[in-house]
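Protein chains in written order, with the working numbering: chain W, 1 to 502; chain E, 1 to 752.
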């Protein structure tokens with residue numbers, strides 16, 4: 001029984017959201033639809049904990065692997081498995097989805113069933129994306145994640161939702177197009193197989209590496225998003241309902257970073273090393289640029305959205321320095337960003353539920369009517385700019401340590417981004433939390449309810465816990481990352497980067 | 001000795017209890033904070049005695065990060081320097097806790113206040129106990145956020161929020177330096193453990209780093225210099241050194257007990273502490289030390305001059321702190337690390353005392369909501385004046401006495417840099433003079449204002465009970481300060497602290513003598529001159545007339561406005577940054593990048609529309625429509641010309657003629673001829689039909705039919721008996737012969 005359970009644990013985790021969709025399709029009572037959806041996400045999280053407890057940290061390879069023939073003619077199979085990197089992201093996915101359900105408990109009142117189905121669908125799809133060992137499976141579910149997000153934006157979103165939704169889909173589709181090209185290219189070059197592990201073991205000709213890397217990079221850079229491809233994100237984030245923003249910022253963006261780690265680095269090491277200098281400078285530019293953009297925002301959600309761009313700059317910065325510190329920092333940064341930005345969106349959503357305004361200037365003096373809210377909001381804000389002692393600091397610091405082996409200049413410039421982050425977050429806090437209430441209505445706002453407290457307390461605990469004791473997380477991914485770095489090591493010696501830095 | 005971990009854990013526990021137990025504690029929050037911090041103070045004294053007996057020791061905690069070869073093991077390191085600062089931190093914090101329990105009565109955020117000052121105390125304790133640069137950096141920042149939360153305690157006031165944001169942001173700019181220094185230290189030494197770094201530092205003395213290599217410059221700088229300078233940048237922020245001092249005067253928005261914590265405990269003292277902690281590394285780099293000394297001296301002189309022009313008591317206090325810390329930084333830069341610590345302790349006690357004794361008056365100011373020129377005339381000022389005067393005298397005279405007592409000059413002279421010695425003297429005496437001057441003047445101003453000008457009647461809102469801690473601090477000043485110095489414990493102090501500040505500094509302090517020391521006498525004279533000048537300026541003499549002169553007034557205005565640092569930052573840093581952000585968002589992001597993408601989308605849409613309108617509508621559709629229209633026209637012409645004119649007319653003409661013909665036919669042939677014939681034939685046929693029916697039908701046919709029916713029945717039975725296949729066979733044979741027959745017929749027909 002236990003072996004059967006552990007052998008099919010991943011498939012079970014994938015199946016549960018879909019089962020949940022089937023279940024809520026048969027329920028008519030709205031309250032029960034919410035309960036069932038919440039139950040499914042919680043069960044999935046518990047299963048993820050089971051996955052964690054059964055995970056062998058010293059093993060660098062894939063674990064909990066399941067394989068089944070799907071379309072034998074094209075060598076396509078249903079193959080899933082996790083290593084240290086994907087395990088963390090699967091954990092993050094299952095962690096955030098219950099909060100996404102909880103925060104839409106009261107705020108979503110129309111088409112509850114379809115909304116919950118969307119959340120469950122996107123959860124299931126994301127777990128597959130992070131666990132897929134087959135390129136075709138990966139691509140298919142990568143596409144699937146886009147659909148529920150699109151509907152969440154255009155059906156339950158803010159005033160500009162249609163434009164935002166279309167922009168999101170157009171960007172995502174262009175990304176998917178190049179991703180499809182890359183996958184087909186890889187299929188042809190890699191000996192007609194879609195098996196990711198087999199593809200990763202082959203070596204490719206430099207030309208093939210160049211083009212396929214470029215296509216993969218473009219797809220992931222749009223998803224992440226990196227600097228020039230980011231303009232879909234502020235609109236999509238700010239127009240999506242709270243749960244949509246949480247999932248989008250918390251997990252969906254990480255598919256890009258995950259893609260770099262799973263495909264770009266191990267499959268095209270030479271191309272990665274060749275492109276690294278440009279990507280690194282682009283990341284550093286993104287860190288500063290996102291900070292500047294956030295500073296200019298008058299909309300709370302857009303501010304958080306632009307801060308995400310800045311944080312994602314740290315992710316690519318860490319990945320493309322190709323050392324242990326950088327990559328571990330980048331993965332931690334992905335997880336931490338998921339937690340803090342997810343929490344910030346939850347908090348902004350709680351404000352929005354009360355006032356139906358996202359404009360910073362409509363607030364002020366929240367300290368008095370909502371002390372509990374303010375405590376959590378401040379915690380998540382300072383965590384977001386990487387205050388030492390909170391989770392983001394560990395990730396950012398590791399990335400900076402990793403970067404310092406490549407270029408001190410980049411470290412200094414990236415640290416400027418942290419100053420900007422402190423500036424926009426504190427300025428926002430000053431305008432929202434401190435001062436006199438803008439309107440009498442603000443001073444009458446009710447503080448957080450028990451349900452709302454339940455959404456923010458666990459995240460607050462995680463923020464502090466990871467900030468003060470990150471070792472367990474680092475241990476989780478240590479061997480996988482070390483393996484990845486060892487794979488990269490031979491290619492770094494003759495790196496082009498030597499010409500650009502130092 | 002691991003139970004000493006309780007020193008930081010007690011305040012932390014208080015924080016947790018206060019946060020969790022908020023609904024139940026209410027106005028009793030201080031009952032959690034005070035015992036925790038006081039106990040921590042007691043434990044600190046125990047730790048002090050342990051260190052006095054056994055020297056330094058460390059307590060390992062846990063592993064924070066392990067990433068490849070980057071390992072950060074957290075732990076507490078307790079040596080002479082740590083315990084001295086611990087005494088200062090926990091002592092001041094206990095007093096502040098007791099004081100605040102009365103001072104903050106009735107505050108709506110009483111609980112929050114105590115939670116944050118406990119967290120503040122915790123982070124200060126951890127900062128001085130860190131064995132690790134990263135840990136130090138962490139608590140450096142946690143301290144920063146605590147000060148942010150405390151400065152914005154009365155956040156309803158707009159100025160409080162701005163002051164808090166300003167304090168944190170200025171510090172975060174400085175902390176870029178500190179953070180980078182930490183990273184640089186790691187990449188140089190491969191570890192962040194402070195003691196390991198310090199022991200390895202001499203080996204790295206000549207290592208260089210070319211930081212600007214990416215620009216193509218070949219400018220190798222010694223790594224130790226770089227590390228020291230970057231760490232010092234962090235110290236400049238936290239310790240409010242020019243030009244990063246701007247946050248401290250505004251931090252006065254915090255409740256007075258917090259100001260006492262910030263100014264007296266380790267918040268602003270963190271900078272000198274960091275330099276002293278890293279002193280074996282700092283001393284390796286004369287260049288960095290020169291920078292440190294110059295910045296410290298500049299700050300000291302600047303703050304002295306500014307504080308003499310200020311009328312707001314809070315500003316005077318703030319700038320006096322800036323100046324004193326500047327003095328400490330300068331002494332660090334001169335290599336007199338022990339002096340800096342001694343000065344820090346004395347200053348901490350004095351500043352704590354000053355804040356708490358002016359607190360009730362300050363509170364009246366806060367209650368009134370306007371700043372006043374002078375705070376005085378309070379009943380408490382006179383009894384506490386004497387320890388205060390003693391403390392001031394100590395502060396004014398102590399540092400020069402110690403610095404210029406000889407050995408430190410040697411350090412500078414030994415650097416083979418001639419102007420250094422002159423710089424040392426010039427800078428030193430200037431600083432000593434101004435520090436003595438403003439200290440004396442400022443303090444006298446605070447407490448000796450003639451009655452009636454202040455607002456003694458207003459400041460009576462605080463019950464006299466809480467003056468006991470002030471007396472305690474006063475006694476501390478007297479005992480700690482004058483006691484230490486006058487009883488010539490200085491030498492003992494040096495002996496005690498020298499293990500913590502490195503061998504090289506310690507040796508220099510060894511040959512110390514009070515008598516027969518010319519520089520020492522000169523410096524005392526300078527300090528006394530400063531005191532006298534302070535007295536003069538106070539009693540409207542030469543300095544006041546100087547202020548009236550044209551030249552003097554200009555400088556007076558400059559310093560009154562603090563040399564316009566705030567305005568300068570606002571105009572050249574804050575506004576341009578915000579402007580750049582707005583501009584780049586509107587132009588680069590929205591119009592540029594977004595515009596590009598949207599332009600691309602619009603282009604696609606435009607092409608699609610053009611295709612639709614021009615190619616599809618005009619081209620293909622037009623073609624089709626044209627053809628259609630042509631055919632319609634043709635059809636119309638055909639209809640109109642051929643059909644209507646030609647065919648129709650012909651048809652109509654024909655029609656008319658045939659109608660006439662038909663009429664004729666009908667009338668002549670039909671009615672007359674045919675009709676008659678038909679009627680005749682009709683009648684005859686009816687007769688024939690009747691005959692036929694009677695004869696043929698009934699008699700002949702009916703009978704035949706009946707017979708035929710019988711025969712058919714017989715034949716049917718016969719066919720039924722025939723096997724179906726035989727039937728088919730017969731049919732086929734019949735058809736075959738039919739075909740043969742027909743072929744023969746054809747052949748015959750054709751053949752003929």
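We treat Cβ as the ideally placed atom computed from N, Cα and C, and that holds for glycine.
Computed from a predicted structure; not experimentally measured.
Can the beta-carbon of residue 66/W be found less than 9 Å from the beta-carbon of residue 79/W? When the beta-carbon positions are compared, residue 66/W and residue 79/W come within less than 9 Å of each other.
Please determine, among 286/W, 304/W, 336/W, the residue with the shortest C-alpha to C-alpha distance to residue 313/W. The shortest C-alpha separation from residue 313/W is found at 286/W.
For the structure I just gave you, are there three or more beta carbon pairs, one from the segment 109-119 of chain W and one from the segment 470-480 of chain W, closer than 8 Å? Using a Cβ-Cβ distance cut-off of 8 Å, the segment 109-119 of chain W and the segment 470-480 of chain W are not in contact, since fewer than three pairs of beta carbons, one from each stretch, lie closer than that value.
Evaluate the contact criterion for the segment 278-297 of chain W versus the segment 309-328 of chain W: three or more CB pairs, one atom per stretch, below 8 Å. Yes: the two stretches touch, three or more of their Cβ pairs being nearer than 8 Å.
Find the residues of chain W that neighbour residue 786/E, judging by a C-beta separation of less than 9 Å, and give them in chain order. Outside the shown range of chain E, which is 1 to 752, sits residue 786/E, and nothing can be said about it.
For the alpha helix (DSSP H) containing residue 258/W, name the first residue and the last one. Residue 258/W -> alpha helix (DSSP H) spans 254-259.
Assuming residue 460/W and residue 379/W make a contact with CB atoms under 8 Å, what is their CB distance in whole Å? 6 Å between Cβ atoms; contact.
Reduced DSSP category for residue 575/E - H, G, I as helix; E, B as strand; rest coil: Helix at residue 575/E.
Cβ-Cβ separation, residue 93/E to residue 265/E (assumed contact under 8 Å), whole Å: Contact between residue 265/E and residue 93/E holds, since their C-beta atoms are separated by about 6 Å, short of 8 Å.
Against chain E, with Cβ distances strictly below 9 Å, would residue 175/W count as a contact? No, no contact with chain E.
With a floor of 4 residues, list each alpha helix (DSSP H) that falls wholly inside the segment 546-610 of chain E, ordered by position along the chain. Here the runs fully enclosed are 550-560, 565-569, 575-583, 595-610.
Establish whether the CB of residue 427/W and some CB of chain E are separated by less than 9 Å. For residue 427/W, the answer is yes, since a Cβ of chain E falls inside 9 Å of its Cβ.
Provide the residue(s) that pair with residue 66/W in DSSP beta bridges, ordered along the chain. Paired residues: 80/W.
Cutting at 7 Å between CB atoms, please list the residues of its own chain near residue 325/W, excluding the five before and the five after it. Contacts found: 398, 401, 402.
Taking the Cβ atom as the reference point for each residue, do residue 359/W and residue 300/W lie within a distance shorter than 9 Å? Note that the C-beta distance between residue 359/W and residue 300/W is below 9 Å.
Contact check, residue 297/E vs residue 427/E under 8 Å by CB: the rounded distance? For residue 297/E against residue 427/E, the beta-carbon gap comes to about 4 Å, under 8 Å, which counts as contact.
Going along the chain, which residues of the segment 64-81 of chain E sit with their C-beta nearer than 9 Å to a C-beta in chain W? Residues passing the 9 Å Cβ filter: 64, 65, 66, 67, 68, 69, 70.
Short of 7 Å in beta carbon distance, which residues of its chain neighbour residue 110/E, apart from the five on each side in sequence? Order them along the chain. The beta carbon of residue 110/E is closer than 7 Å to those of 27, 29, 104 in its chain, skipping five residues each way along the sequence.
Chain W beta carbons: is any one of them nearer than 9 Å to that of residue 27/E? Answer no: the Cβ-Cβ gap between residue 27/E and chain W never drops below 9 Å.
Please report the straight-line C-alpha distance between residue 125/W and residue 97/W, rounded to a whole angstrom. Going from the Cα of residue 125/W to the Cα of residue 97/W covers about 12 Å.
Helix, strand or coil for residue 295/W per DSSP? Reduced to three states, the DSSP call for residue 295/W is helix.
Give the straight-line distance between the Cα atoms of residue 187/E and residue 273/E, rounded to the nearest whole angstrom. If you draw a straight line from the Cα of residue 187/E to the Cα of residue 273/E, it is about 23 Å long.
Indicate whether residue 217/W and residue 260/W have their beta-carbon atoms separated by less than 9 Å. Cβ distance < 9 Å, so residue 217/W and residue 260/W count as in contact.
Cα-Cα separation between residue 270/E and residue 239/E, rounded to whole angstroms: One Cα belongs to residue 270/E, the other to residue 239/E, and the distance between them is close to 7 Å.
Given 8 Å as the limit, is there contact between the segment 416-423 of chain W and the segment 303-313 of chain W, that is, 3 or more CB pairs closer than that? These segments touch.
Chain-ordered residues of the segment 280-292 of chain W with a beta carbon less than 7 Å from chain E: Under the 7 Å Cβ criterion, the segment 280-292 of chain W contributes 292.
Nearest CA to the CA of residue 445/W: which residue from 212/W, 478/W, 367/W? It is 367/W whose Cα lies nearest to the Cα of residue 445/W.
Below-9 Å beta-carbon distance, residue 168/E vs any chain W residue: Output row for residue 168/E: interface = yes.
Straight-line CA distance for residue 597/E to residue 148/W? Answer to the nearest angstrom: the Cα atoms are 23 Å apart.
Under 9 Å between C-beta atoms, does residue 271/W make it to chain B? Looking for chain B here will not work: the only protein chains present are W and E.
Residue environment, residue 576/E, which counts as buried when at least 16 other CB atoms sit within 10 Å: Residue 576/E should be labelled exposed.
Comparing alpha-carbon positions, which option in 138/W, 195/W, 95/W lies nearest residue 120/W? With distances taken between Cα atoms, residue 120/W lies closest to 95/W.
Can you list, in chain order, the residues of its chain whose CB lies under 6 Å from that of residue 396/W, leaving out five sequence neighbours each side? Closer than 6 Å at the Cβ level, and outside the excluded window around residue 396/W, lie 314, 386.
Opposing strand residues paired with residue 75/E [DSSP bridges]: Partner(s): 60/E.
Figure out for me which residue from 207/W, 372/W, 127/W has the closest Cα to the Cα of residue 17/W. Checking every option, the nearest Cα to that of residue 17/W belongs to 127/W.
Look up residue 29/E in the DSSP assignment and say whether it is helix, strand or coil. Here DSSP, grouped into helix, strand and coil, assigns residue 29/E to coil.
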